[in-house]
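Enquirer: Got a structure here, written out as structure tokens. Questions coming.
In this note's numbering, the protein residues as written are 683 to 811.
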């Protein structure tokens, strides 16, 4: 039997037992600023970003500076930067373990705010699906 769950990021179809495993475990929330913002295309999409926007997160294990690097992309697929090293291992491990990981924008700070505080995100890690 399958259960359809409507979520803020679309429709997910998962098995009933997986659903109960997912809701049993308390989600972990991480609040962080996007790092490396000035090196990517964030400024080009900044006017279109909104609080609550869903972000795409992807492991970049071949990154020479951080083997646990997690790239952050806008909903349009534009690379915005990375999770900070403080949280990259936790998020990278969750992605590698096929856990449900959801990133959203929680704060936008237009110029002249410092580059490292332009976009604040919340990453929520749910139980394994």
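Cβ coordinates follow ideal geometry from the N, Cα and C atoms, glycine included.
Give me the Cβ distance between residue 807 and residue 735, rounded to the nearest whole Å; I'm assuming they're in contact under 8 Å.
Expert: Translated into positions along the chain shown, residue 807 becomes position 125. Translated into positions along the chain shown, residue 735 becomes position 53. No, residue 807 and residue 735 are not in contact; Cβ-Cβ is about 19 Å, not under 8 Å.
Enquirer: Would residue 763 and residue 733 qualify as a contact pair, given that the criterion is a beta-carbon distance under 7 Å?
Expert: The count along the chain shown starts at 1 and reaches residue 763 at position 81. The count along the chain shown starts at 1 and reaches residue 733 at position 51. No; because the gap between Cβ atoms is not below 7 Å, this pair is not in contact.
Enquirer: In the structure shown, what three-state DSSP assignment does residue 796 receive?
Expert: By 1-based counting over the chain shown, the position of residue 796 is 114. In this structure, residue 796 counts as coil in the three-state DSSP scheme.
Enquirer: Contact between the stretch 744-755 and the stretch 768-780: three or more CB pairs below 8 Å?
Expert: They touch, by the three-pair rule.
Enquirer: Under 6 Å Cβ to Cβ from residue 802, same chain only, skipping five residues before and after it: list those, please.
Expert: Along the chain shown, one-based indexing puts residue 802 at 120. Closer than 6 Å at the Cβ level, and outside the excluded window around residue 802, lie 715, 788, 789.
Enquirer: Would you call the CB atoms of residue 707 and residue 785 closer than 7 Å?
Expert: Position 25 of the chain shown, counted from the start, is the residue given in the question as residue 707. Position 103 of the chain shown, counted from the start, is the residue given in the question as residue 785. Result no, Cβ atoms of residue 707 and residue 785 do not sit closer than 7 Å.
Enquirer: For residue 764, list the residues DSSP reports as bridge partners.
Expert: Within the chain shown, residue 764 is the residue found at index 82, counting from 1. DSSP lists 717, 753 as partners of residue 764.
Enquirer: According to DSSP, is residue 724 part of a helix, a strand, or is it coil?
Expert: Within the chain shown, residue 724 is the residue found at index 42, counting from 1. DSSP places residue 724 in helix when its eight states are reduced to three.
Enquirer: For residue 741, which residues does DSSP report across the bridge?
Expert: Numbered from its first residue, the chain shown carries residue 741 at position 59. The partner list for residue 741 (beta bridge, DSSP) reads 752.
Enquirer: For residue 759, report the span of its beta strand (DSSP E) as first-last.
Expert: The residue you call residue 759 lines up with position 77 of the chain shown. That residue, residue 759, is in no beta strand (DSSP E); it is neither H nor E in DSSP.
Enquirer: Distance check for residue 770 and residue 754, CA to CA, integer angstroms please.
Expert: For this step, residue 754 is matched to residue 72 along the chain shown. For this step, residue 770 is matched to residue 88 along the chain shown. Cα to Cα, the separation comes out at about 11 Å.
Enquirer: Is residue 724 buried or exposed, if buried means 16 or more other CB atoms sit within 10 Å of its CB?
Expert: Counting from one through the chain shown, the residue named residue 724 turns up at place 42. Under this definition residue 724 is a buried residue.
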